[in-house]
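Everything on this sheet refers to the single structure shown next.
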Amino acid sequence: MSRHTTPEPETKPHLADRLDTWLDARTGVDSILHESLDEPIHGGASWAYVFGSGLLFLFMSQVITGVFLALYYVPSADHAHTVVSYIVKVVSAGSFIRSIHAYGSSGIIILLCLHIGQTVLYGSYKGKRELLWLSGCILMALMLCMAFTGYLLPWDEKAYFATAVGTNLVAEVPWIGPVLQKLVRGGDQMGTLTLSRFFVLHVFVLPGMLIAFIAGHVFFFRKAGAAGPIHEDPIAPKLPSVPFYPRQVLMDAAFAVVLIGLLALIAKTIPMDLGPAANPADTHFLPRPEWYYRPAFQWLKYLSGRWSLVGGILLPALLAVVFAAAPFLDRRLERRPWKRPISVGAFLLFLVAYTGLGIASYHDDYSDPGMAAQMYKQDADSKAFMESPFVPETAAGSIPAGLASADPNVVKGHVLFQAQSCSSCHGEAGIGTAAAGPLTGVGAKYTEDQLGALLHSPNPLMTAGGMQPVDLKTADLQALSAYLRQLH
Ligand code: HEC
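Oh and the sequence shown: position 368 is 1280 in this note's numbering, straight run, nothing missing.
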């Protein structure tokens, strides 16, 4: 009160204060900060509440690392694997960023389980929180789609075959299955169109939807307020409240630091593998999804014939609907878990079954000696690929490692050799096939000019074997001859 009676000395407000006044008049930033930081938390701050903000933090980490990966990525079946191996083997910190991104997706799944587990145990979906819960269910589905679409992008063996299995499942959907599968793959086979579809979903469509639903989820959360501890009334809270800032903010921030620290540690010590490029003709490869899809994968193995429709599509769909409808089905305001045996029991039963299926899947793989050998071989192939040097690509395919540093004319000749399909008769690197003899050693037989002349007008033996005259510019003919002459 005394402030008003004694006139204050004229002081110029600080620059920061003036800036704040200016900005607040135009944006209302002060009330936004007040809204977000002074949110009352009934029953006080708790470590049990950090999972939601942890998810938001990991999502931002995925966006940032994803942008860096997208700087290099090319969604084409011909180049995707080469650019990812370029990221891993050549780009500085490329492998680290890719590993943070790849392990981050596992981190999101783990946090999702913890976040949902906390919500179910605490009964925090009760009391006018149906939309909060539903938006969360949609976010979970979107995250699972992100994990599935991202898995294909490196186009290595495991990505290719796991996605082939996943998209085969789509064909099981009643009536529209085959059409749906074609839509997802962009054709009957998996190829560049599949990759570009998955890329567009992974980079534009799903993240856009995620951001919209995250905004909705946070909005509904603020509207309903934090549910508080298990004995708190979810609609009319009675416990004394503490503002969100500073205690809860500090706990959330500490958790974020732990998360990124853990991710960085794992990314640094066990860089995420990249396997050899997808080879659709490989019939031995055992496709396996990421660990969090393993239980579903195992479940499908138990089903066959008409059961695959019931067990593989209808039952999961029913489970998803019941799960999403939880706040509508379970309307009592009781929140203590031991007083809610049905909802908590069903959730725990699902967790136990899911974990059990996951363990069974790994057990099956490694208890059968033949299967285990193939699994170890696949791991060893990935390790070997990771240790091999990066091999760049040219217009007509990859250059053999030994050629990469050679005479540019020879490199050009090699490209021409592939572009002109010489290898269809003479074999890779001119080693010879049943259709035509080897070209190794032509360097000793002909000079560069003689070779050029021979290619330009083949002798009768060559014509008889189906070889066409090579119709190229002189410089290209010279390059091709230079390449042929150094083959041994
Ligand atoms: C349709 C199959 C076919 C194709 C495609 C083909 N060749 Fe031949 N080529 C032959 C046959 C057959 C001969 C003769 C006998 C032999 O070497 O087996 C021959 C011979 C040659 C010879 C002479 C070898 C020697 O020792 O005298 C050269 C050089 C040669 N081919 C280069 C090429 C190049 C370069 C290309 C790609 C522009 C090419 N060939 C594409 C079938 C083919």
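Backbone N, C-alpha and C fix where the C-beta goes; we use that ideal spot for every residue, glycine too.
Should residue i be labelled buried (16 or more other beta-carbon atoms within 10 Å of its own) or exposed?
i: PHE1240; result: exposed
i: LEU1373; result: exposed
i: ASP1024; result: With the sequence shown as reference, residue 1024 is identified as Leu, and Asp is not the correct amino acid for it. So LEU1024 counts as buried.
i: HIS1027; result: buried
i: THR1106; result: buried
i: MET1283; result: exposed
i: ILE1020; result: buried
i: GLY1270; result: buried
i: GLN1101; result: exposed
i: LYS1070; result: buried
i: ARG1134; result: exposed
i: PHE1116; result: exposed
i: HIS1368; result: exposed
i: ALA1139; result: buried
For a test of your reading of the model: does the CB of residue i fall under 7 Å from any non-hydrogen atom of ligand 1? Yes or no.
i: VAL1382; result: yes
i: LYS1357; result: yes
i: HIS1338; result: yes
i: GLN1332; result: yes
i: PHE1329; result: yes
i: ASP1354; result: Here residue 1354 turns out to be Val, not Asp, going by the sequence shown. Within the cutoff, so yes.
i: GLY860; result: Beyond the ends of the chain as shown, which are 913 and 1400, falls residue 860; an answer cannot be given.
i: LEU1392; result: yes
i: LEU1389; result: no
i: ALA972; result: It is worth fixing the name first, because residue 972 is Met in this sequence and not Ala. Outside the cutoff, so no.
i: LEU1373; result: yes
i: LEU1399; result: no
i: GLY1364; result: no
i: LEU1396; result: yes
i: LEU983; result: no
i: MET1412; result: Absent from the model: residue 1412. The displayed extent of the chain is 913 to 1400, so no value can be given.
i: LEU1174; result: no
i: GLY1006; result: no
i: GLY1378; result: yes
Between residue i and chain B, is the shortest Cβ-Cβ distance under 8 Å, so that the two count as touching?
i: LEU1044; result: No chain B is part of this structure, which consists of one protein chain only.
Using the DSSP secondary-structure output, state which residues sit across from residue i in a beta bridge.
i: VAL1154; result: ILE953
i: ALA1189; result: ASP1068
May I ask whether a heavy atom of ligand 3 can be found less than 7 Å away from the beta carbon of residue i?
i: MET1283; result: In the structure shown, ligand 3 is absent; the only ligands present are ligand 1.
Do three or more CB pairs link the segment 973-990 to the segment 934-951 at distances below 8 Å? With a cut-off of 8 Å, the segment 934-951 and the segment 973-990 do not count as touching, because too few Cβ pairs lie within range.
When the Cβ atoms of the segment 1072-1085 are set against those of the segment 1009-1017, are three or more pairs found closer than 8 Å? The answer is no - the segment 1009-1017 does not touch the segment 1072-1085, with fewer than three Cβ pairs under 8 Å.
Per the contact definition of three or more C-beta pairs closer than 8 Å, is the segment 1152-1169 in contact with the segment 955-962? Short answer: they touch.
On the three-pair Cβ rule with 8 Å, is the segment 1269-1283 touching the segment 1209-1223? Contact holds: three or more Cβ-Cβ distances are below 8 Å.
Can we say the segment 1339-1354 touches the segment 1384-1397, given the rule of at least three CB pairs closer than 8 Å? Counting Cβ pairs under 8 Å, three or more are found: they touch.
Contact the segment 1221-1237 vs the segment 1284-1293: 3+ CB pairs below 8 Å: When C-beta atoms of the segment 1221-1237 are compared with those of the segment 1284-1293, fewer than three pairs fall below 8 Å, so the two segments do not count as touching.
So does the segment 1050-1059 actually touch the segment 992-1004, counting three or more Cβ pairs closer than 8 Å? Taking one beta carbon from each stretch, the segment 1050-1059 and the segment 992-1004 have fewer than 3 pairs nearer than 8 Å; the two do not touch.
Spell out a yes or no on whether the segment 1249-1259 and the segment 1026-1043 are touching, meaning 3 or more CB-CB pairs, one atom from each, closer than 8 Å. Contact holds: three or more Cβ-Cβ distances are below 8 Å.
Inspect the CB distances between the segment 1138-1152 and the segment 946-956 and report whether three or more fall short of 8 Å. With a cut-off of 8 Å, the segment 946-956 and the segment 1138-1152 count as touching, because enough Cβ pairs lie within range.
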